[in-house]
Amino acid sequence: MDSGDCAGTGWGVCAAAEDGDRAHGLTLFWRVFALNAAVFTAAMLGLMLGPVTVSTPVVLTEVLILIGGLAAMLVTNAALLRVALRPIDRLIAAVSTIDLSRPGHRMVDAGQAGPIGDLVRTFNAMLDRLEAERAASTARALTAQEAERQRIAQELHDEIGQTLTAVLLELKSVADSAPPPLRTRLRQVQETTRNGLDEIRRIARRLRPGVLEELGLTSALKALAGEFTTGGLVVHHSVERHLGLGRDAELVLYRVAQECLTNTARHAGARQARLEVARRGTGIELRVRDDGRGLGGAAEGSGIGGMRERALLIGADLTIGPAAGGGTEVRLWAPLPEEPPVPLPEERD
């Protein structure tokens, strides 16, 4: 370590760093220097001990010999440096492909000694910290988001819903005592207000799925499929009971299914969709597929990004791709907890 590297750090820090360098062997600088020194030393010994001489002026044969020796020296040096610096090339390639939304990718630690091995292990440790911090911050953000959704849903239900209900009652009272021409118009306003109240209740249910808290994931997904079954879209469903997931995992599956069906209804141009939830191995698989126009070359939006963030919170695997026969298919596989919760009572259709 040069003395200039110690500026502003204190001798204690520099001494510890130097002790660390000695403990782990030569630094990368000295390794490269040693390789170059070995090549130059070999070339010098070859000139000293070999039959080659240089005359004045230099003849063509000597020039060719020197050029050949220089080329051999450069090739040897390049080959040795390539071997020594190959882990750095792998590290650069790994850095360029790292995606924190798809965790788990690490550089292979082949037990290299010295600074290269330290660099690989430090890089993997940095990824561990980044993924842990990202998961913690995402959990806090989604928790705050769910709390805000519940607050808004409660206000829609308690404040605006009650206000519109009072307006409906007042309109009914006025319409009953109004003359026939005005009564017809008041009935139309009353119907428009009732439709608005139904829409607010529907939005509140989406913001806060009360059926999920009260009856569980199976009933909530069935209700969700029925909610998205409209005149232009039919949603079929097949959902197993007693899935044994925790509360957080159930909320993630519900939100992912909700986002999938929302995208299908708004953007896919599909006529049919299918929602399936079943056990697969040691986990639960959610699968949503439609017969729409598919993803094409469109970039992932915030909705898909949100699904990936939620999947990371419970250690789930999310895949999005084309469905067999056209359309889009989304798969979410969530691992079951080691100790599944007590199952809900048997539901009746």
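Numbering (my numbering), first residue to last: 3 to 351. Idealized CB from N, CA, C, for every residue including glycine.
On the DSSP letters alone, give me the boundaries of the alpha helix (DSSP H) that R249 sits inside.
R249 to N265
Could you give the distance in angstroms between the alpha-carbon of C8 and the alpha-carbon of A318?
The predicted position of C8 is uncertain, since its pLDDT is 46 and thus under 50; no value can be drawn from it.
Can you list, in chain order, the residues of its chain with a C-beta nearer than 6 angstroms to that of G285? Leave out the 5 residues immediately preceding and following it.
W335, A336, P337 and L338
Output the boundary residues of the alpha helix (DSSP H) element that contains L184.
P182 to L209
Counting pairs of Cβ atoms below 8 angstroms between the region 189-200 and the region 242-249, do you hit three or more?
no
Start and end residues, beta strand (DSSP E) containing I286
G285 to D292
Per DSSP, which residues does A275 bridge with? Please list them.
V237 and D292
Identify every residue that forms a DSSP beta bridge with G323.
E331
Under a Cβ-count criterion, where at least 16 other Cβ atoms within 10 Å of its own Cβ denotes burial, should T354 be classed as buried or exposed?
Absent from the model: residue 354. The displayed extent of the chain is 3 to 351, so no value can be given.
Using CA coordinates, which residue listed in A280, G119, L263 and G323 is at the minimum distance from L2?
Any question about residue 2 goes unanswered here, given that the chain covers just 3 to 351.
Take every Cβ of the region 166-174, pair it with every Cβ of the region 210-217, and state whether three or more of those distances are shorter than 8 angstroms.
no
Grouping DSSP H, G and I as helix and E and B as strand, with all else coil, what is R243?
coil
Write down the C-beta distance between L277 and L223 rounded to the nearest angstrom, noting that I regard them as a contact closer than 8 angstroms.
6 angstroms
When DSSP labels each residue in this structure, what does P337 get in the three-state scheme?
strand
Return the Cβ separation of L37 and A73 in integer angstroms, given the expectation that the two are a contact with Cβ distance under 8 angstroms.
Not really, about 17 angstroms apart at Cβ, beyond 8 angstroms.
Beta-carbon separation (whole angstroms), A275 vs T266, contact threshold 8 angstroms
5 angstroms
Could you check if E216 is buried or exposed, using at least 16 other CB atoms within 10 Å of its CB as the buried criterion?
exposed
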